[in-house]
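Student:
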Amino acid sequence: MGILSSSIARKVAMALSALFLVFFLLMHVSVNLVSVFSEEAFNTASHFMGTNPLIQFVMQPILIFGVVFHFVLGFILELKNKKAVGVSYAKNNGAANSTWMSRNMIYSGLAILAFIVLHFIDFWFPEINHKYIEVLPEDPTRYYHELREKFVNPIRVGAYVIAFVFLILHLLHGFQSAFQSMGMNNKYSKGLKTFGKAYAIIIPLLFIFIALFHHFTH
Ligand code: HEM
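Mapping to our numbering: the sequence shown position 36 is 1253, numbers consecutive.
#1: Thinking phenylalanine 1424 and phenylalanine 1381 are a contact (beta carbons under 8 Å), I'd like their distance in whole angstroms, please.
#2: Measuring from the CB of valine 1352, is there a heavy atom of the ligand HEM at a distance below 7 Å?
#3: If I'm right that glycine 1408 touches glutamine 1393 with Cβ under 8 Å, what's the distance once you round it to whole angstroms?
#4: Among the candidates Glu1366, Ser1223, Arg1359, whose CA atom is the shortest distance from the CA of asparagine 1260?
#5: Within the chosen definition, does the region 1416-1435 reach the region 1240-1248 through at least 3 CB pairs nearer than 8 Å?
#6: Any heavy atom of the ligand HEM closer than 7 Å to the CB of phenylalanine 1274?
#7: Hey, is the region 1376-1390 in contact with the region 1325-1341, meaning 3+ C-beta pairs nearer than 8 Å?
#8: Note down the Cα distance separating lysine 1404 from leucine 1389, rounded to an integer number of angstroms.
#9: Are methionine 1231 and glycine 1326 touching if we call contact CB-CB under 8 Å?
#10: Should glycine 1219 be labelled buried (16 or more other beta-carbon atoms within 10 Å of its own) or exposed?
#11: Using three-state DSSP, classify tyrosine 1306 as helix, strand or coil.
#12: Does the pairing of the region 1285-1301 with the region 1342-1358 give three or more beta-carbon distances under 8 Å?
#13: By the three-class DSSP mapping on this structure, what secondary structure does phenylalanine 1368 have?
#14: Please tell me whether valine 1229 and serine 1398 are closer than 8 Å, where the distance is taken between their beta carbons.
#15: If you check the beta carbons only, do valine 1289 and isoleucine 1427 fall under 8 Å apart?
#16: Would alanine 1262 and valine 1251 be called neighbours here (beta carbons separated by less than 8 Å)?
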C-alpha cells in the first residue's frame, strides 16, 4: 500500500503540488512582467534564471517533477471519480451535486497540458538546445528578442490567450477544491477564498496582457 492509496492522501498531495505550482506561476509572471518595462532588466533576470546552477539543477528538476506529479495524479483522481459513479453515495449527478467546472477540471487541465507542450517547443527546448546540446555562444542580451519573436504570429498569440482563459477556469475551481481538501474552515477561510479568486483571475490576465503587449508593440 503506497502513501497515496487513500483518497484523502491523494487529494492533499494534489492540493500541495498545486500550491507549489501556484507559487511558480507567481515567479514566472513576475519575471515576464519585467519584459514589459525594461529590455535590459528582462535580459538580466532571464540570464540569471537561465544560468544560476541552483535554479537550473535544483529548482528546475523539482518544478518538472511537480508538473508531472500534478498531471499524473490529476488523471488518477479523474479515473477513480469516474469509477465511483456506480457507487450511490459518491454518485456524480451532474449539475445536481457538482458544479460545471469541477466536473471539467480534467478538460481545463488537458488544455493547459497542451499549452505546456507548445510552450516547451517555443521556449524550453530551444533554450536547452542552446545551452546544453549545441552549446551555442552565450549572448546575455538575446532573451528579450527571442521572447518578442514568439509573439509575432497571431495564431500563436491566440492559442496562448485561449490557454490562459482555461488557466483562469482551472485555478478558480482548483483553489476552491484545494481549500476544501485541506479542511479549511476557520477565521481565515473567507480571506483565503477571496485571495484564491483574485489570484485565479489576476495572474492569467497578466499573462494575457504580456502576450498581447508584445504582439501589438512589435
Ligand atoms: C505570456 C505568457 C508566458 C511567457 C512569455 C512565458 C515565457 C517563458 C520563458 C521565456 C520560459 C523560459 C524557458 C527557459 O529558459 O527554460 C518559460 C518557461 C516555462 N514556462 Fe512560461 N511563459 C508564459 C506563460 C506560462 C504559463 C501560463 C505557464 C503554466 C501554466 C508556463 C509554464 C512554464 C514552464 C513549466 C516553464 C519551464 C520552466 C523551466 O523549467 O525552465 N508559462 N516560459
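Where a beta carbon is used, it is the ideal one built from N, C-alpha and C, also for glycine.
Tutor: Quick look at the numbers:
#1: 5 Å
#2: no
#3: Glycine 1408 to glutamine 1393, Cβ: 14 Å. No contact.
#4: Arg1359
#5: yes
#6: No, the Cβ of phenylalanine 1274 stays beyond 7 Å of every heavy atom of the ligand HEM.
#7: yes
#8: 21 Å
#9: no
#10: exposed
#11: Reliability of the predicted coordinates at tyrosine 1306 is poor, the pLDDT of 47 falling under 50, and the value obtained from them is presented with this limitation in mind. Annotated three-state conformation of tyrosine 1306 is helix, per DSSP.
#12: no
#13: coil
#14: yes
#15: No, Cβ-Cβ distance for valine 1289 and isoleucine 1427 is not below 8 Å.
#16: Judged by beta-carbon spacing, valine 1251 lies within the 8 Å limit of alanine 1262, meaning their Cβ atoms are closer than that value.
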